[in-house]
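Enquirer: Residue numbers (the working numbering): 5 to 155. No residue lacks a Cβ here, since even glycine has one placed at the ideal position from N, Cα and C.
#1: How do the stretch 123-138 and the stretch 49-64 stand: do at least 3 beta-carbon pairs fall below 8 Å, yes or no?
#2: Can you list the alpha helix (DSSP H) stretches of 4 or more residues lying completely in the stretch 39-104, in chain order?
#3: For residue 91 and residue 34, I'd like the C-alpha separation in whole angstroms.
#4: Given this structure, state the Cα-to-Cα distance separating residue 111 from residue 74, to the nearest angstrom.
#5: Could you check what DSSP says for residue 109 in three-state terms: helix, strand or coil?
#6: Where does residue 133 sit, in a helix, a strand or coil, going by DSSP?
#7: Taking residue 24 as part of the alpha helix (DSSP H), name the residues at either end of that continuous run.
#8: Report the option in 30, 43, 18, 24 whose CA atom is closest to the CA atom of residue 10.
#9: Between the Cα of residue 117 and the Cα atoms of 107, 109, 127, 103, which residue gives the shortest distance?
#10: Cα separation between residue 18 and residue 142?
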């Protein structure tokens, strides 16, 4: 039952943010699926006690790969799928707690949480970088194969 709840809410949060950011209606389902894949990778990895930062990194790679797949299949830019799908991974809770701690005067806890938020955001960015590098490598390999067969 827990898995169904995670799938449902990650799908709904992604699709809802897609609606807010004016994603075309015909692409909302693909965005939702991309968000579910990213969240389930994150959730599964975190449940294996691998750490939240590494789980965010792997979730971002999953979102990146699904975005590449859907962007080619639907002939649309990757960002249409990337941006809404990141919503489940965004560390909003720790960011709120960091600001709250600083406002209440607990600077040590606030700085600790800010570092956690920065590391999480960095892990998500690194996951997208890895996905972009892999995409370019695969494209270059496929282009080189095509060039060799034409010669």
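Expert: From the atom records:
#1: yes
#2: 56-78, 83-89
#3: Position 87 of the chain shown, counted from the first residue, corresponds to residue 91. Position 30 of the chain shown, counted from the first residue, corresponds to residue 34. Approximately 15 Å, taken between the alpha carbons.
#4: Here residue 111 refers to the residue found at position 107 when the chain shown is read from its first residue. Here residue 74 refers to the residue found at position 70 when the chain shown is read from its first residue. Roughly 43 Å between the two C-alpha positions.
#5: Residue mapping note: residue 109 aligns to position 105 of the chain shown, counting from 1. In the structure shown, residue 109 sits in coil (DSSP, three-state: anything other than H, G, I, E or B).
#6: As a working note, residue 133 is residue 129 in the chain shown. Three-state result, residue 133: helix.
#7: Residue 24 sits at position 20 when you count from the first residue of the chain shown. It spans 6-24 - the alpha helix (DSSP H) in which residue 24 sits, taken as one unbroken run.
#8: Here residue 10 refers to the residue found at position 6 when the chain shown is read from its first residue. Residue 43 is the option with its Cα nearest to residue 10.
#9: On the chain shown, residue 117 is found 113 positions in, with the first residue counted as 1. Measuring from the Cα of residue 117, the nearest candidate turns out to be 103.
#10: Here residue 18 refers to the residue found at position 14 when the chain shown is read from its first residue. Here residue 142 refers to the residue found at position 138 when the chain shown is read from its first residue. C-alpha separation (whole angstroms): 28 Å.
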